[in-house]
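Read through the structure below, which is laid out as structure tokens, and then see the notes.
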Amino acid sequence: MTMADTKETDSPASGPASSFSLLDLFRRPEAGAAAGFILIFLFFGYFGVDKNFLTALGSSTWLNFASKVGIIAIPIAFLMIAGELDISVGALIPAGGIVLAMSVEHFGFNIWMGVLFSFVVAAAIGWVNGMLVTRTQVPSLIVTLATLFVVAGLNAYLSKQVAGTTQHSLPDAGVVSEFILGDYHSLILGDGDSAFTIFRSLQSSFFIWIAVAIGCFYVLHVSPWGNWILAMGGDEDSARNAGIPTDKLKIALFMLSAMAAALVGMTEAVLANTASTTTQFGMIFNTIICVVVGGVLLTGGFGTVTGVVFGTLTFGIVFQGINFTAFDKDLNMLFIGALLLVAVLMNDTFRNLATSASTKKK
Amino acid sequence: MSDNKTPVLEMRKVDKSFGPIDVLHEISLKVNQGEVLCLLGDNGAGKSTLIKTLSGVHQPTRGEMLMDGNPVHFDRPRDAQEMGIATVHQFGGTYPLMSVGRNFFAGNEPTKGVGPFKVFDRQKANRIAVEQVQKMGITRITDGDRLVGGLSGGERQSLAIARAVYFGARVLILDEPTAALGVKQAAHVLRIVNEAKRRGLAVIFITHQVMHAMAVGDHFAVLIRGAIAADFRKGAKSREEIADLMAGGESMADLEANIEGYMETHDGHVPEPAH
């Protein structure tokens with residue numbers, strides 16, 4: 001008899017055949033994050049119904065916020081699954097924005113050349129992060145803490161040296177670039193009284209988030225590289241012995257998270273027509289919370305893209321949703337802290353269920 | 001089976017030093033096809049260094065290594081693997097939160113699809129993994145999607161060994177595979193070792209449990225302070241003799257007699273441990 005078997009017989013859940021499928025559903029690794037999202041949604045839906053939480057416009061408030069965190073959270077999740085952390089994103093968000101703004105305004109680049117250049121700069125910083133982590137064995141928390149401040153310093157210094165200001169303007173550069181990078185989108189079917197709103201005032205970043213999520217889902221769960229990322233986080237030595245190029249993969253993941261952060265900075269710059277050098281320390285915590293609420297194991301080796309998307313949605317609601325309720329807004333941080341604790345405990349339970357999944361069913 | 005006279009893997013007078021510290025002295029070993037070489041030694045005897053030298057992590061300071069009679073040199077673990085030397089460590093190099101299929105193929109994933117959009121062929125991976133593990137005698141694993149964390153220690157070891165065999169290993173180095181296991185689980189792993197031997201693999205089995213070594217070994221080598229202290233074939237020495245050798249020549253029987261004598265004269269109390 002093994003652990004799995006004994007659990008199966010002891011657990012009150014096993015019994016009638018109908019409860020079995022439910023148990024299977026709970027054993028999906030993203031079940032915890034999905035359940036949490038549904039609970040939080042119902043909670044705020046109930047308390048916020050008077051203040052339009054459930055309307056298309058109300059949903060856009062938290063979806064727009066969630067999308068920006070979400071674009072960065074997924075690559076951060078990859079790193080965390082691989083056993084690393086990247087907090088330099090806080091400085092890479094403004095870096096992405098100001099590099100784009102300066103490219104266009106100061107150097108006269110075409111907007112797309114500016115986007116490309118901004119990505120190249122971000123990738124270079126990510127490469128430095130990855131090289132430092134893989135070559136020196138210094139924990140990535142410390143390495144990226146250092147690069148966070150280095151890049152934040154460079155943002156301010158180079159801004160002033162090159163353009164003479166820390167607030168850059170970025171006028172509309174074209175219909176297409178605005179549409180893709182920074183605009184508000186609505187889809188309303190019909191008109192007049194019969195109009196039906198599918199979505200309203202969603203920012204471009206929301207659609208970019210969907211694209212990033214689909215791309216990352218492919219990488220982690222469909223392509224063979226996902227196996228490498230999971231294996232590397234599970235046991236790095238074994239992964240290396242199995243022939244997985246762990247160092248290269250890690251560097252690539254740091255480049256990916258840096259580029260994702262720069263992308264968010266760019267969408268903000270294009271949307272607001274300005275870019276500032278202000279370091280976004282809050283986003284560091286926001287992304288980590290989303291990843292953890294999404295069920296990714298802090299020590300690496302486990303996590304799903306779907307889970308992180310649910311985690312980000314949950315976080316978005318909790319962060320913005322309080323404005324739709326009668327609760328005091330000062331309670332916001334308390335809610336987020338409680339959410340994090342509950343999520344971690346719940347995820348542990350669900351993960352144990354997943355590991356003890358037995359094959360006894362005929 | 002081909003010529004049994006040429007060992008699959010051989011070490012000739014291999015020394016290994018780390019700076020001024022000599023860890024291995026003139027180690028000579030050989031292992032033939034379809035044979036289990038048991039490498040016995042107490043903690044700190046140099047077993048780990050020897051394994052790492054065999055699997056390409058360390059390079060010998062002096063001496064040579066031969067495969068099928070030809071000198072070989074491994075710069076990296078990958079070189080040794082490509083020559084068919086597979087090392088399975090204590091916890092099997094498995095990833096607890098990954099499925100059986102994904103574990104089995106980590107680093108060598110089967111794919112389908114064309115161009116850059118390759119797709120991990122989950123069904124194929126699961127099918128082959130379950131097939132191979134079952135062939136090794138682990139019939140309890142029937143679902144390739146199951147997470148390895150739910151398997152027992154013995155099953156994980158077996159999975160790792162099955163993986164090595166499937167990927168064409170000719171020499172299997174097992175580093176203390178039974179150390180963390182219960183009696184039943186250990187018996188399981190020993191059966192798998194026998195199965196690997198039956199399939200013609202050369203197995204190097206590292207352990208400090210004499211019973212486990214006696215159960216599967218054809219050939220024994222005892223390592224003391226980095227040197228081979230004894231090298232003998234199956235049946236040449238008794239269990240007690242081997243245990244004595246491992247304890248550094250100090251006779252276990254003497255030790256036991258001392259303790260018994262002390263207990264007789266001290267109302268059944270055991271002696272104070274020496275510091």
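From first to last, the protein sequence lines are chains E and G.
Per UniProt numbering: the first sequence ends with 362, consecutive numbering throughout.
Per UniProt numbering: the second sequence ends with 275, consecutive numbering throughout.
For glycine and all other residues, C-beta sits at the position ideal for the given N, C-alpha and C.
All of these numbers come straight from a predicted model, not from anything done at the bench.
Contact check, residue i vs residue j, beta carbons under 9 Å
{"i": "residue 281/E", "j": "residue 47/E", "result": "no"}
{"i": "residue 60/E", "j": "residue 196/E", "result": "no"}
{"i": "residue 232/E", "j": "residue 83/E", "result": "yes"}
{"i": "residue 78/E", "j": "residue 100/E", "result": "no"}
{"i": "residue 177/E", "j": "residue 98/E", "result": "no"}
{"i": "residue 301/E", "j": "residue 95/G", "result": "yes"}
{"i": "residue 152/G", "j": "residue 123/G", "result": "no"}
{"i": "residue 334/E", "j": "residue 289/E", "result": "no"}
{"i": "residue 237/E", "j": "residue 93/G", "result": "yes"}
{"i": "residue 216/E", "j": "residue 125/E", "result": "no"}
{"i": "residue 187/E", "j": "residue 208/E", "result": "no"}
{"i": "residue 273/E", "j": "residue 139/E", "result": "no"}
{"i": "residue 148/G", "j": "residue 100/G", "result": "yes"}
{"i": "residue 179/G", "j": "residue 219/G", "result": "no"}
{"i": "residue 64/G", "j": "residue 137/G", "result": "no"}
{"i": "residue 310/E", "j": "residue 286/E", "result": "no"}
Cα-Cα separation, residue i to residue j
{"i": "residue 201/G", "j": "residue 262/E", "result": "53 Å"}
{"i": "residue 3/E", "j": "residue 150/G", "result": "Bear in mind that a pLDDT of 40 at residue 3/E, under 50, signals an unreliable position, so the number given afterwards is only what the model happens to contain. Residue 3/E and residue 150/G: Cα-Cα distance of roughly 8 Å."}
{"i": "residue 49/G", "j": "residue 230/E", "result": "29 Å"}
{"i": "residue 187/G", "j": "residue 154/G", "result": "9 Å"}
{"i": "residue 42/G", "j": "residue 246/G", "result": "6 Å"}
{"i": "residue 10/G", "j": "residue 203/G", "result": "12 Å"}
{"i": "residue 70/G", "j": "residue 83/G", "result": "12 Å"}
{"i": "residue 13/G", "j": "residue 222/G", "result": "15 Å"}
{"i": "residue 222/E", "j": "residue 253/E", "result": "17 Å"}
{"i": "residue 298/E", "j": "residue 291/E", "result": "9 Å"}
{"i": "residue 206/E", "j": "residue 189/E", "result": "20 Å"}
{"i": "residue 104/G", "j": "residue 137/E", "result": "28 Å"}
{"i": "residue 350/E", "j": "residue 321/E", "result": "26 Å"}
{"i": "residue 242/E", "j": "residue 79/G", "result": "12 Å"}
Three-state secondary structure (DSSP) of residue i
{"i": "residue 184/E", "result": "strand"}
{"i": "residue 108/G", "result": "coil"}
{"i": "residue 229/E", "result": "helix"}
{"i": "residue 173/E", "result": "coil"}
{"i": "residue 85/G", "result": "strand"}
{"i": "residue 57/G", "result": "coil"}
{"i": "residue 71/G", "result": "strand"}
{"i": "residue 90/G", "result": "coil"}
{"i": "residue 299/E", "result": "coil"}
{"i": "residue 135/E", "result": "helix"}
{"i": "residue 134/G", "result": "helix"}
{"i": "residue 381/E", "result": "As displayed, chain E neither begins before 1 nor continues past 362, which places residue 381/E out of reach and without an answer."}
{"i": "residue 81/E", "result": "helix"}
{"i": "residue 141/G", "result": "coil"}
{"i": "residue 165/E", "result": "coil"}
{"i": "residue 350/E", "result": "helix"}
{"i": "residue 202/E", "result": "strand"}
{"i": "residue 267/E", "result": "helix"}
Those residues which DSSP pairs with residue i across a bridge
{"i": "residue 41/G", "result": "223/G"}
{"i": "residue 16/G", "result": "24/G"}
{"i": "residue 202/G", "result": "35/G, 171/G"}
{"i": "residue 230/G", "result": "222/G"}
{"i": "residue 10/G", "result": "30/G, 66/G"}
{"i": "residue 59/E", "result": "Paired residue(s): none; residue 59/E is not in a bridge."}
Minimum C-alpha distance to residue i - residue among the options
{"i": "residue 62/G", "options": "97/G, 100/G, 22/G", "result": "22/G"}
{"i": "residue 119/E", "options": "95/E, 76/E, 339/E, 151/E", "result": "95/E"}
{"i": "residue 71/E", "options": "212/E, 144/E, 336/E", "result": "212/E"}
{"i": "residue 243/G", "options": "156/G, 40/G, 120/G", "result": "40/G"}
{"i": "residue 35/G", "options": "135/G, 117/G, 215/G", "result": "215/G"}
{"i": "residue 167/G", "options": "265/G, 37/G, 29/G, 86/G", "result": "86/G"}
{"i": "residue 81/G", "options": "171/G, 240/G, 15/G", "result": "171/G"}
{"i": "residue 189/G", "options": "145/G, 64/G, 18/G, 158/G", "result": "158/G"}
{"i": "residue 133/E", "options": "287/E, 246/E, 214/E, 271/E", "result": "246/E"}
{"i": "residue 181/G", "options": "199/G, 162/G, 212/G, 163/G", "result": "212/G"}
Chain A contact for residue i (CB, 9 Å cutoff)
{"i": "residue 102/G", "result": "Checking the listed chains, one finds no chain A in this structure; the protein chains it contains are E and G."}
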